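Each step along the sequence shown adds one to the number in UniProt numbering, with nothing skipped, and position 485 is 485.
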Amino acid sequence: MHFRLYAERPWVHDVLKPFATYHALHLLSNADVFVRLNSQWTKTVLEMAAAQAPVWVLQELRKLVAIDARWAQQLATTAATAAPQAVLSHVEVLLSINAEWAQGLLRQAIYLSPQAAARALSRDLTSTRRQELFVAAVLTDPRWIAGLSLSAQASDQALLATLEHVKAPPIQTLRQVIQSNYPEETKARMAVFVWDIAQGQLTLEEAAHLSSHTHTYLHALVSRKLADQHGVAAAIETALQEETLTLIELLNSLFDRPDAVRFQAVAGLAARELYMLITYGDAEIFTSSYRGLFERLLARMRQEGLTGDQLLAQVRELHLRVFMKSAAVFNTLQAFLATVPAPVARWTLLTQCVSDLARPQDLPAQAMLAAELLAAPLDTQSLHLLRDTLKVEYARAAQEQHRPAMVIYGLLIAQLVQRQEAGLTDTALLAMAAPYRSALPDRTRIPLERLFADGTGVQWHFFYNDDDGQQSFHSFVAQYQRSSAWQIEQHGTFIRIVSQPPGRRIEIYANLFTEDIQGPSDIEDVFRARRLSPGVIVHRGHSPYVERTLAKVPATTALVFLGNCGGFTLLDAVLSKAPDTHLITTKGIGSITVNDPLLKALNDSLLRGTDLSWSSFWKQITPQLVRNPRFADYVPPDKNAGIIFLRAYRSLLGETRSLP
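As structure tokens, then:
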């Protein structure tokens with residue numbers, strides 16, 4: 001074989017990639033055979049195969065080490081990142097290859113999957129190394145271990161029994177906590193403090209006191225988190241995530257109660273604790289919950305005599321990008337920046353949000369936050385400042401030939417150009433954006449031809465047989481019964497609602513709410529017979545039914561509307577089905593009183609308008625819905641910047657050879 005003659009040719013990668021992907025398992029399991037034919041070819045295809053079968057890399061690691069030990073360790077490191085739990089099945093093999101390197105992989109797996117790690121390691125504690133790893137796994141999530149005392153499963157009781165044979169002081173302290181007479185919830189909270197108790201910094205009684213009330217417990221967690229300069233206290237981090245999420249869910253659930261009742265649970269919290277609630281609860285927080293917390297944060301800062309930069313210093317700028325992004329998205333950024341006296345300090349906060357994005361370990365997540373910030377309402381001065389920072393960062397990445405950084409900043413610049421293109425004259429900025437714009441779909445408007453084939457727009461609305469689905473169906477139909485511009489036809493298991501001439505035509509197909517799936521099946525039969533493909537998919541009903549709706553989404557769908565609660569969390573799932581679709585969701589409670597008028601206004605706009613501009617449409621319907629507190633939680637397609645950025649970033653990572 002003369003592979004070395006062609007190895008550097010650009011077309012070689014394109015030829016080998018499909019072969020290596022399809023035969024990944026065969027190539028990895030027979031690596032020792034292929035290497036005898038040609039070492040360079042074998043290593044090239046195995047690197048491609050490894051991306052498809054990370055678990056198999058760990059399974060065949062001894063064979064790969066025999067080819068090239070350092071190269072094999074690099075493959076295994078990448079595989080462990082993709083499949084961390086799989087690492088736990090190969091503890092002895094990893095330790096025998098390179099103990100120091102293996103410890104790093106295993107501790108990363110423990111951090112990501114502590115419960116699975118504790119179970120896997122507890123089966124064999126004969127070696128000192130395995131015992132140390134088991135202790136690390138248990139202490140990463142001790143609350144979970146403490147909770148096993150209520151389980152009747154034999155495997156859980158066996159795991160608890162294992163603790164008796166581990167002499168590490170924190171483990172024996174954890175046993176004391178579990179066997180104590182405190183309430184179960186208190187014991188679970190106390191488990192987080194076993195290191196402090198074992199080292200004599202807390203007594204068992206003091207830990208119980210800290211754990212007996214939400215405020216004292218949260219205060220203790222925040223204090224320890226901020227004192228953890230090196231981020232090694234995984235148990236504190238996990239507990240803080242769980243506790244803040246519990247509080248956020250409580251605030252969300254009280255959305256219809258007076259503020260004095262709704263926010264009673266956070267009354268008396270310090271400014272830094274309110275900051276932690278906002279940042280740790282970002283993914284789940286409703287708009288109204290955020291606004292209530294932010295108002296209380298500003299009030300608490302005034303009581304404590306804190307400026308904005310002093311608060312951020314207190315919290316060590318933890319999750320700064322999350323905080324600033326949320327402030328921008330919820331239109332409170334200027335209110336927070338007003339608490340920072342020095343203009344230079346205000347500018348620095350903004351530029352920090354888009355600087356050094358390629359350096360954190362959680363690179364994609366940090367870049368997504370920057371993308372969401374750029375899509376939020378920002379004043380002209382802030383946009384100019386961010387634009388100039390992005391240009392500097394892109395130029396630096398290009399000079400260093402740092403490909404991931406170039407992709408990140410190229411996409412962010414492309415996003416900014418997409419947002420401001422009409423008034424842009426900065427040729428340097430446009431040139432930087434040019435190679436990346438095709439990867440970043442324009443979600444600011446939908447061309448009408450995507451929604452109307454031959455002058456007809458087909459929509460498919462899904463209803464389910466629960467209380468919400470039934471109410472939604474009757475309310476939905478009533479919207480169109482009241483209008484002479486629409487005709488409703490009964491077809492047994494479904495209805496068809498058709499707009500009347502003149503002009504373009506909309507056909508809405510909606511199943512009756514029944515236990516079976518006959519309605520959607522009959523609608524599919526109509527689509528097949530008439531060779532129709534719905535351009536709009538609408539889900540109505542509770543969240544458990546969403547998967548049924550998503551299973552029916554065609555890849556060509558132009559618009560998906562999720563009317564269920566918390567549909568914002570399903571962005572990636574929808575875009576996996578229909579990569580070019582526009583998506584309307586809610587971060588809070590899905591409501592009939594928003595869904596129906598919004599969808600009706602959307603259809604009326606489509607029938608009389610030109611291309612659908614989301615910013616224009618949202619301005620048009622805001623006066624009609626602004627008094628409805630639920631409307632603030634609805635997210636139009638042009639505000640889904642984070643997930644759109646992430647998908648573009650992923651798609652470009654494998655294509656950087658074609659970029660400048």
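Glycine included, every Cβ here is placed at the ideal spot set by N, Cα and C.
Everything numeric in this text was worked out from a predicted model, so none of it was measured.
Quick one: using the 10 Å Cβ neighbour count with 16 as the cut-off for buried, is V261 buried or exposed?
-> exposed
Beta-carbon spacing of V76, T287 below 7 Å = Per the sequence presented here, residue 76 reads as Ala, with Val not at that position. For A76 and T287, no; Cβs fall outside 7 Å.
Candidates P183, E185, A146, of which the one nearest Q172 by Cα = A146
Helix, strand or coil for Q303, going by three-state DSSP, please let me know.
-> helix
When the Cα of V315 is compared with those of A299, F263, I278, which residue comes out closest?
-> I278
Can you check DSSP and say which residues form a bridge with Q624?
-> In DSSP, Q624 forms no bridge with anything.
Can you say whether K187 is buried or exposed, counting buried as having 16 or more other CB atoms within 10 angstroms of its CB?
-> buried
Taking the alpha carbon of F513 as the point to measure from, which residue in W195, S499, F494 has its own alpha carbon closest?
-> F494
Inter-residue Cα distance where the pair is L652 and A338 | 38 Å
Have a look at W618, E164, G281 and flag the residue whose alpha-carbon is nearest the alpha-carbon of K587.
-> G281
Quick one: Cα of Q199 to Cα of D156, how far?
-> 27 Å
Beta strand (DSSP E) segment containing G457, residue limits = 456 to 462
To the nearest whole angstrom, what separates the beta carbons of S223 and R189, a pair I think is in contact under 8 Å?
-> Not quite, the Cβ-Cβ distance comes to about 14 Å (not below 8 Å), so this is no contact.
Going by DSSP, name the residue or residues bridged to I446.
-> L612
6 Å Cβ shell around L448 - same chain, five flanking residues per side excluded = D611
Can you list, in chain order, the residues of its chain whose CB lies under 7 Å from that of L646, leaving out five sequence neighbours each side?
-> P364, M368
A50 and V57: beta carbons closer than 7 Å?
-> yes
State the Cα-Cα distance for the pair G609 and A601, rounded to the nearest angstrom.
-> 11 Å
Would you check whether the ligand NAD has a heavy atom nearer than 6 Å to the C-beta of A79?
-> In the structure on display, the ligand NAD does not appear, and there are no ligands present to speak of.
Got a sec? Which residues, its chain only, sit under 7 Å from A83 by beta carbon, not counting five neighbours each side?
-> P54, V55
Between H165, A109, V560, which lies nearest to I446 when the distance is taken from Cα to Cα?
-> V560
Under three-state DSSP, which class holds Y275?
-> helix
Within 10 angstroms of the Cβ of Y22, are there 16 or more other Cβ atoms? Answer buried if so, exposed if not.
-> exposed
L318 vs L350 beta-carbon contact at 7 Å | no
Pick helix, strand or coil for Q74, following the three-state DSSP scheme.
-> helix
Can you give me the Cβ contacts of A395 inside the same chain, cut-off strictly under 7 Å, excluding the 5 residues immediately before and after it?
-> none
Can you give me the start and stop residues for the alpha helix (DSSP H) that L218 sits inside?
-> 214 to 227
What's the gap between the Cα of A72 and the Cα of L106?
-> 16 Å
Report yes or no: do the stretch 462 to 479 and the stretch 508 to 525 share at least 3 C-beta pairs separated by less than 8 Å?
-> yes
Can you give, in chain order, each stretch of the alpha helix (DSSP H) that sits fully within the stretch 560 to 613 and has at least 4 residues?
-> 571 to 577, 592 to 608
Kindly identify the DSSP beta-bridge partner or partners of Q490.
-> I495
Confirm, please, whether the CB-CB distance from L25 to V45 is below 7 Å.
-> no
Proximity below 7 Å, CB of L570 to CB of I643 | no
DSSP on S252, reduced to helix/strand/coil?
-> Sequence check: residue 252 is Asn here, not Ser. Here N252 sits in helix by DSSP.
V392 burial status per 10 Å Cβ neighbour count (16 or more: buried) = exposed
Mind the definition here: the stretch 417 to 433 touches the stretch 474 to 489 only if three or more C-beta pairs lie below 8 Å; say whether that holds.
-> no
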